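Undergrad: First the structure, then my questions, so here it is.
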Amino acid sequence: LMTHGRNDEAEQIVTGIEEEAAREGKPVSPVSPDRAILVTGHGIVSYVQIARTMLREYPSRSFLGFTMMVTQAFLYNAIFFTYALVLTNFYHIPSDRIGVYFFPFALGNLLGPLTLGPLFDTIGRRKMIMFTYCVSAILLAISAALFDAGLLTAVTQTIFWCVIFFLASAGASSAYLTVSEIFPLELRGQAIAFFFAISQLAGGVAAPTLFGALIGNGTNTTPLAIGYYFGAIVMFAGGLVAWFFGVDAERKSLEEIATPLSAVERLPGRASSAS
């Protein structure tokens, strides 16, 4: 609001939040003088400025956001949009029973972010992202080997997917969180849209098409197993990129993570919880 010149409205909202927190016994501490900043109206951020900021000022963060979004989208969409074909072609599950196997799959996706989400703030972003990405990749590789050896059933395959996506869904959620907080506040919305569009091109179009072709008529498990191995490598690489290029953003204000484009200067000696 302040970057769009709506200072009075911003002040009213922050004051209301502070008063509500005080009534609940959790008063908000004023911002220390060395952290107070002066911001000015910035207006609409052009595409040229977005590209310049992301590629010139934050190249490693752009690489991080691109990698995390593409890898999670590749794994998720490759598995989710071909799972019915796997159940039908390889395990000969009737089409009217497919939904039964999707329910636990969906449950694992729901419980992952709910249970593991708080750990991204306590243990840390980079550690948890690497853990969820890499462990889900390892489990995917193990399930691929068992699948190719003919040692899985529709039930055990589903159990594997539940565990894998219990972890991967938390990692995928953290990808959106990461992109939303590592760039200046004026272009965070555009950053999410940009990386989401690219990730859906790779994950929503390329991955299901590739895995659909690998499934074929369901007589040979090896091509699909190779596809799973490739997906595991992609996901593991995403975890390594998050570890080496990730930002320790836990328990920090967004202005600490990335200085706003509208920031003019810091104000020594001034403490304001709204700045």
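Under this note's numbering, the first residue of the sequence shown is numbered 3, with each subsequent residue one higher. Glycine is no exception: its CB is placed at the ideal position from the N, C-alpha and C atoms. Source: prediction; values computed, not measured.
Alpha helix (DSSP H) containing V137: first to last residue?
TA: R127 to D150
Undergrad: Note down the Cα distance separating I140 from A204, rounded to an integer number of angstroms.
TA: 21 Å
Undergrad: If we count the other Cβ atoms within 10 Å of its Cβ and call it buried at 16 or more, is F105 buried or exposed?
TA: Residue burial is scored here from C-beta neighbours: F105 has fewer than 16 other C-beta atoms within 10 angstroms and is therefore classed as exposed.
Undergrad: By a C-beta neighbour count over all protein chains shown, 10 Å radius and 16 as the cutoff for buried, is S138 buried or exposed?
TA: The C-beta of S138 has 16 or more other C-beta atoms within 10 Å across all chains shown, which makes the residue buried.
Undergrad: Which residues does DSSP pair with L116 in a beta bridge?
TA: Beta-bridge pairing links L116 to no other residue.
Undergrad: Sort L263, S145, C136 and T117 by Cα distance to T73 and report the nearest one.
TA: C136
Undergrad: Pull up the distance between the alpha-carbon of Q159 and that of P262, whole angstroms please.
TA: P262 has its alpha-carbon roughly 47 Å from the corresponding atom of Q159.
Undergrad: Distance check for S255 and Y60, CA to CA, integer angstroms please.
TA: Taking the straight line from one Cα to the other gives about 18 Å.
Undergrad: Are the Cβ atoms of A172 and T134 separated by less than 8 Å?
TA: yes
Undergrad: Going by alpha carbons, who is nearest to N91 out of L216, M237 and A151?
TA: L216
Undergrad: Would you mind giving the Cβ-Cβ distance between P186 and T55, rounded to the nearest angstrom? I have them listed as a contact below 8 Å.
TA: The Cβ separation is near 7 Å, so the contact holds.
Undergrad: In whole angstroms, give me the CA-to-CA distance for I200 and N222.
TA: 32 Å
Undergrad: Report yes or no: do the segment 101-121 and the segment 163-170 share at least 3 C-beta pairs separated by less than 8 Å?
TA: Because the criterion of three Cβ pairs below 8 Å is met, the segment 101-121 and the segment 163-170 touch.
Undergrad: In three-state DSSP terms, what is I39?
TA: strand
Undergrad: Taking the C-alpha atoms as reference points, what is the distance between G152 and F232?
TA: Near 19 Å, if we compare the C-alpha coordinates of F232 and G152.
Undergrad: In the DSSP assignment, the alpha helix (DSSP H) including T69 goes from what residue to what residue?
TA: P61 to F82
Undergrad: Looking only at its chain, what residues have a beta carbon closer than 8 Å to the beta carbon of I95, apart from the 5 residues adjacent to it on each side?
TA: L89, Y103 and A156
Undergrad: Assuming contact is defined by CB atoms lying nearer than 8 Å, are F68 and F247 in contact in what I supplied?
TA: Taking 8 Å as the Cβ cut-off, F68 and F247 do not qualify as a contacting pair.
Undergrad: A38 and V30 - do their beta-carbons sit closer together than 8 Å?
TA: no
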